[in-house]
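The numbering of the sequence shown is the numbering used here, which starts it at 182 and goes up by one. Even for Gly, the Cβ is constructed at its ideal location relative to N, Cα and C. First the structure, in the form of structure tokens, and then the observations on it.
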Amino acid sequence: MMPPTGTMLNKPVLVESLIVFTIALCVHSTVWDRFSWCAIALAIQAFYIQFKWDNLLQLGSAVFQFRTTANSGLLPACMAIPLLGIVMKERCSMAGIVYFERFGIVVACTGMAIALFLSVIAIGITKPVPTNTCILSGIAGSLIIYTMKQSLSVSEVIEVLEVLLIFVYLSMILLYLLPRCFTPGEALLILTGISFVLNQLIKRSLNVVEGRGDPVHFFLLVVVVGIVLLGIFFTALFFFMDSGTWISSMFFYTMTAVLGLGVVMPWLYRLIRRNPLFWFFQFLSQTQTRVYLLAYWTLLATAACTVVLYQNTKRSSGSKKHQASTITRKYFHFIVVATYIPGLIHDRQLLYVAAVVCLAVLILLEYIRYFRIKPFGQMLRHLLSLFLDERDSGPLILTHIYLLLGMSLPVWLFPRPCAPKGTLAGAAALVPYSGVLAVGVGDSVASIFGSTVGEIKWPGTKKTFEGTMTAIFAQIITVAIILIFDSTVDLNASYSWILVSVSLVSILEAYTTQVDNLLLPLYLQILLMA
Numbered sequence: 182m183m184p185p186t187g188t189m190l191n192k193p194v195l196v197e198s199l200i201v202f203t204i205a206l207c208v209h210s211t212v213w214d215r216f217s218w219c220a221i222a223l224a225i226q227a228f229y230i231q232f233k234w235d236n237l238l239q240l241g242s243a244v245f246q247f248r249t250t251a252n253s254g255l256l257p258a259c260m261a262i263p264l265l266g267i268v269m270k271e272r273c274s275m276a277g278i279v280y281f282e283r284f285g286i287v288v289a290c291t292g293m294a295i296a297l298f299l300s301v302i303a304i305g306i307t308k309p310v311p312t313n314t315c316i317l318s319g320i321a322g323s324l325i326i327y328t329m330k331q332s333l334s335v336s337e338v339i340e341v342l343e344v345l346l347i348f349v350y351l352s353m354i355l356l357y358l359l360p361r362c363f364t365p366g367e368a369l370l371i372l373t374g375i376s377f378v379l380n381q382l383i384k385r386s387l388n389v390v391e392g393r394g395d396p397v398h399f400f401l402l403v404v405v406v407g408i409v410l411l412g413i414f415f416t417a418l419f420f421f422m423d424s425g426t427w428i429s430s431m432f433f434y435t436m437t438a439v440l441g442l443g444v445v446m447p448w449l450y451r452l453i454r455r456n457p458l459f460w461f462f463q464f465l466s467q468t469q470t471r472v473y474l475l476a477y478w479t480l481l482a483t484a485a486c487t488v489v490l491y492q493n494t495k496r497s498s499g500s501k502k503h504q505a506s507t508i509t510r511k512y513f514h515f516i517v518v519a520t521y522i523p524g525l526i527h528d529r530q531l532l533y534v535a536a537v538v539c540l541a542v543l544i545l546l547e548y549i550r551y552f553r554i555k556p557f558g559q560m561l562r563h564l565l566s567l568f569l570d571e572r573d574s575g576p577l578i579l580t581h582i583y584l585l586l587g588m589s590l591p592v593w594l595f596p597r598p599c600a601p602k603g604t605l606a607g608a609a610a611l612v613p614y615s616g617v618l619a620v621g622v623g624d625s626v627a628s629i630f631g632s633t634v635g636e637i638k639w640p641g642t643k644k645t646f647e648g649t650m651t652a653i654f655a656q657i658i659t660v661a662i663i664l665i666f667d668s669t670v671d672l673n674a675s676y677s678w679i680l681v682s683v684s685l686v687s688i689l690e691a692y693t694t695q696v697d698n699l700l701l702p703l704y705l706q707i708l709l710m711a
């Protein structure tokens with residue numbers, strides 16, 4: 182059952198797979214239960230299916246058009262969601278929070294079900310049919326289905342099937358509308374996340390109980406679903422009309438306001454039982470600390486805009502081929518680090534809401550740029566084209582959105598009631614900082630030092646040994662600084678686990694061709710939660 186000879190020689194993919202296997206084994210060395218066998222079986226079959234997808238991409242036989250500058254990335258993507266569900270289940274079980282423990286099981290099972298679905302697609306369109314891979318996928322699928330039967334109630338099975346159904350429909354819509362924007366692995370992560378959010382919103386809307394649920398969580402669900410539906414609506418609409426005219430632009434702004442005030446606001450009101458605008462402004466001004474943080478973040482946003490304008494001024498006065506350097510692009514990483522660390526230390530709920538608002542704003546600006554909505558569309562195209570890299574090969578520019586997601590996902594995904602307190606916390610106390618460590622510090626330092634002083638390259642990649650080692654050292658220094666300023670962090674005796682986690686994720690950064698802003702924080706969060 183060896184992969185095809187031509188792909189076997191792709192050493193970076195093999196090393197990336199080995200790192201993912203190592204992370205999975207590290208997690209299951211601390212969390213071993215019936216799901217561990219499923220996760221290991223899933224990892225083995227995903228390893229083989231990844232090569233099938235890579236061959237399909239090379240031959241141009243995939244159902245949709247994917248990003249061609251990377252491999253399929255199916256193994257790291259297939260493992261991320263099940264592992265996240267497993268560690269969430271274990272953490273919430275230890276905290277005695279049954280609701281989130283069951284939710285972790287649903288997340289793990291859904292991740293496995295979606296991975297199996299992609300395996301079936303790959304096997305179905307591969308000619309001739311790969312017999313050995315079919316047998317392996319059948320064994321893994323049987324084990325996963327049996328475990329799901331033993332672990333899930335009827336209502337939870339229905340929830341898994343609902344998310345899978347939403348995933349299938351979203352895949353057909355978004356991958357058709359957005360060619361070359363994702364690899365199969367990136368599409369799996371993003372579409373699974375959106376499917377979960379949509380399913381949770383529908384579920385909670387149908388079972389509203391006054392006084393139950395955090396308005397902050399409802400805010401995330403409604404805003405994400407609203408902004409995605411807005412994009413699908415305008416994409417369908419502008420198939421039939423020119424989006425670059427003033428009439429279309431006025432229609433865009435009018436319909437955005439109508440959908441916001443006529444759909445999103447009433448939906449949020451139904452969930453939180455309060456006027457959303459009053460709740461939002463009251464939330465922002467609740468304490469003096471929040472006002473100071475908002476003022477500070479406004480200054481940082483102004484600084485980021487200044488960097489964009491200054492770099493474009495240099496392009497205007499210089500060569501037309503001028504592109505922002507790696508170091509220049511990493512300025513934004515450091516600005517985001519300076520944004521998130523004070524929020525994590527002083528007011529995580531405010532950071533949670535602010536990140537949701539920023540995500541909505543960035544996606545809305547990308548709609549304006551993509552559809553050339555007047556008067557800002559063409560200007561945004563000109564300003565942002567300076568910061569493109571090889572990952573922005575499709576019609577959308579997503580790198581800055583991935584950066585925000587990578588920093589925010591650890592804040593959004595970890596259930597606060599399950600957070601261990603005091604000396605019991607250990608490495609888990611750093612979970613909200615996963616994005617800051619992996620992307621804000623590690624990825625930035627690796628890129629800067631690797632491109633300036635790096636000489637020894639990792640085999641088969643452009644990344645350097647010096648960049649990776651410097652990234653690990655920088656993350657350890659950042660952990661020490663967090664310990665000084667955040668009194669809620671008590672690592673106890675978990676320093677060796679933190680070093681292993683940071684090292685594995687940094688080496689993964691050196692070998693992965695996927696969007697590291699999205700992948701690295703998830704894996705660091707998984708390891709720290711374990």
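Asked	Found
Beta-bridge pairing of Thr645 - partner residues as DSSP gives them	Lys638
Straight-line Cα distance separating Pro263 from Tyr327	16 angstroms
N- and C-terminal bounds of the alpha helix (DSSP H) containing Ile200	192-211
Segment contact flag, the stretch 235-248 with the stretch 272-282, C-beta cutoff 8 angstroms, min 3 pairs	no
For Leu584 and His514, believed in contact at Cβ under 8 angstroms, the rounded distance	7 angstroms
Own chain, CB closer than 8 angstroms to Arg361, minus 5 neighbours either side, in chain order	Gln246, Phe247, Arg248, Thr249, Ser574, Gly575, Pro576
Proximity of Ile688 and Thr633 at Cβ, strictly below 8 angstroms	no
Three-state secondary structure (DSSP) of Cys362	coil
Straight-line gap, Glu738 to Trp234 (C-alpha atoms, nearest Å)	This structure cannot speak to residue 738, because the chain is shown only from 182 to 711.
Contact between the stretch 253-268 and the stretch 192-204 (3+ Cβ pairs under 8 angstroms)	yes
Distance, Glu337 Cα to Thr131 Cα	Since the first residue shown for the chain is 182 and the last is 711, residue 131 is missing from the structure and cannot be characterised.
Span of the alpha helix (DSSP H), counted from its first residue to its last, around Ala691	676-692
Residue burial classification, Phe377 (beta-carbon count within 10 angstroms, cutoff 16)	buried
Three-pair Cβ contact test at 8 angstroms for the stretch 611-629 versus the stretch 648-667	yes
Endpoints, alpha helix (DSSP H) assigned at Ser628	625-633
Cutoff 7 angstroms; reference Phe216; Cβ partners in own chain excluding five residues on either side	Ile267, Ala289, Thr328
The alpha helix (DSSP H) enclosing Met269, as first and last residue numbers	255-276
Residue of Thr669, Met560, Gly635 minimising C-alpha distance to Tyr614	Thr669
Anticipated Cβ contact below 8 angstroms, Tyr548 with Phe432, distance rounded	About 13 angstroms separates the two Cβ atoms, so there is no contact after all.
Alpha-carbon to alpha-carbon, Val592 and Tyr533	7 angstroms
Phe462 classed as buried or exposed, judged by whether at least 16 other C-beta atoms fall within 10 angstroms	exposed
Three-state secondary structure (DSSP) of Thr468	coil
Exposed unless 16 or more other CB atoms sit within 10 angstroms - verdict on Gln467	exposed
Enclosing alpha helix (DSSP H) for Val404 [first to last residue]	396-418
Touching by the beta-carbon criterion (3+ pairs, under 8 angstroms), the stretch 684-704 and the stretch 636-650	yes
Any 3 or more C-beta pairs closer than 8 angstroms across the stretch 553-563 and the stretch 421-430	yes
Rounded distance between the beta-carbons of Val406 and Leu370, thought under 8 angstroms	Not quite, the Cβ-Cβ distance comes to about 17 angstroms (not below 8 angstroms), so this is no contact.
Candidates Thr694, Tyr676, Gln695: closest to Leu709 by CA position	Tyr676
Runs of alpha helix (DSSP H) lying entirely within the stretch 514-585, each at least 4 residues, in chain order	529-552, 558-565
Three CB pairs or more closer than 8 angstroms across the stretch 470-487 and the stretch 447-461	no
Closest by C-alpha distance to Met293, when choosing among Ile304, Ala224, Pro596, Ser334	Ala224
Separation of Gly558 from Leu212, as counted between CA atoms	Sequence inspection shows Val at residue 212; the Leu mentioned does not correspond to that position. Each residue's alpha carbon lies about 49 angstroms from the other.
When Ile522, Val403, Val341 are compared against Leu379, the one with the closest alpha-carbon	Val403
DSSP three-state assignment for Ala711, whether helix, strand or coil	coil
Contacts around Val683, its chain only, beta-carbon distance under 6 angstroms, and the 5 residues preceding and following it disregarded	Ile653, Gln656
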